[in-house]
């Protein structure tokens, strides 16, 4: 957990609409002949503000918007196929997300080449390149004095599968987008859950892409493996208990810079002040016949700039 005297810093929370109060955009499943389907808007109150968050549902067979059913509540959206449900809790200002991949794979995930997704996504949290120099710009910079990730999360339901002839992976991932000003970005991961057990440390090139992925271990996310949602592989225990995550990402940014320059990842030397945070995604990626329900709240990146001594 982050451990420093926060009273000595100016503070900014980087993600917009932390309580999901303005609704969400739904990104429909793209069809093979149409990759430009417009977003739809899921509003559950009379907020006049546009949503800051999108729900992304890659490769999930049923569309949360086009195949939606009448749930009898403005706070619930679900598809008729029974594969996805998202519930907004206005009292907790939380999102409960369910992805039932059994309805997608129908018992045979190896015969379907994609991992079903159910993610929330927020991008372009600042116009970094056009911002004037000063504290406001530095808050978004990887060169801020401290950058911490915070969220509260609970695993409410988990229906496992045990098929040794198939693929059995259920992940709930979380990434920030760490952009290099003039090039690609790094998926900066601090994921809370993988049913296969301990989330390993990783820094590698993205499979099938030009970006890189850096992920913290389970121990770094929760403070210990024992405090995680799956301390032993496949030993998953749902609970009503909220688990709080707060991790100082600053030393990891330093490690990224060191590795990038050692291995010439970006084709030239780079420094922290050339990177900035531009957005995030969090949610399910499931390759296996699982059903899983998570609830999240208070999710943000928090940037700290040291106050000048008076």
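Numbering (my numbering), first residue to last: 5 to 314.
Even for Gly, the Cβ is constructed at its ideal location relative to N, Cα and C.
- Just so you know, the alpha carbons of residue 147 and residue 98 end up roughly 30 Å apart.
- Ranked by Cα distance from residue 241, the options 6, 63, 200 are led by 200.
- The beta carbon of residue 198 sits closer than 6 Å to those of 175, all from its chain and outside the five residues before and after it, given in chain order.
- The beta strand (DSSP E) runs lying completely inside the stretch 48 to 116 and spanning 3 residues or more are 57 to 60, 80 to 82, 88 to 93, 98 to 104, given in chain order.
- Counting only residues of its own chain and dropping the five nearest sequence neighbours on each side, residue 7 has a CB closer than 8 Å to the CB of 252.
- By the CB criterion at 7 Å, residue 225 and residue 194 fall inside the cutoff.
- Here residue 122 is not near residue 271, since their CB atoms are 7 Å or more apart.
- Burial state of residue 183 is buried, judged by a 10 Å Cβ sphere holding 16 or more other Cβ atoms.
- Burial is judged here by how many other beta carbons sit within 10 angstroms of a residue's own beta carbon; residue 101 has at least 16 and is buried.
- In this chain, residue 258 is not harboured by any beta strand (DSSP E); it is covered by the alpha helix (DSSP H) spanning 254 to 266.
- Scanning its chain for C-beta atoms nearer than 8 Å, with the 5 sequence neighbours on each side dropped, one finds around residue 151 the residues 252, 253, 254, 257, 281, 305, 306, 307, 308, in chain order.
- Under DSSP, residue 247 shares a beta bridge with 157.
- Shown here, residue 280 sits in a strand according to DSSP, grouped into three states.
- In this chain, the beta strand (DSSP E) harbouring residue 125 covers 121 to 127.
- Within the model, the alpha-carbon separation for residue 76 versus residue 91 is close to 12 Å.
- Residue nearest to residue 273 within the set 186, 129, 124 is 186 (criterion: CA-CA distance).
- Per DSSP, residue 45 lies in no alpha helix (DSSP H) segment; the continuous beta strand (DSSP E) that holds it begins and ends at 44 to 46.
- In the structure shown, residue 163 adopts extended strand secondary structure according to DSSP, grouped into three states.
- Using a Cβ-Cβ distance cut-off of 8 Å, the stretch 165 to 179 and the stretch 110 to 119 are in contact, since at least three pairs of beta carbons, one from each stretch, lie closer than that value.
- For the options 42, 72, 63, 25, the alpha carbon positioned closest to that of residue 50 is the one of 25.
- When Cβ pairs closer than 8 Å are counted between the two stretches, the stretch 53 to 71 is seen to touch the stretch 26 to 33, the count reaching three or more.
- With a contact defined as Cβ atoms closer than 8 Å, residue 300 and residue 105 miss out at about 19 Å.
- Residue 217 has its alpha-carbon roughly 13 Å from the corresponding atom of residue 285.
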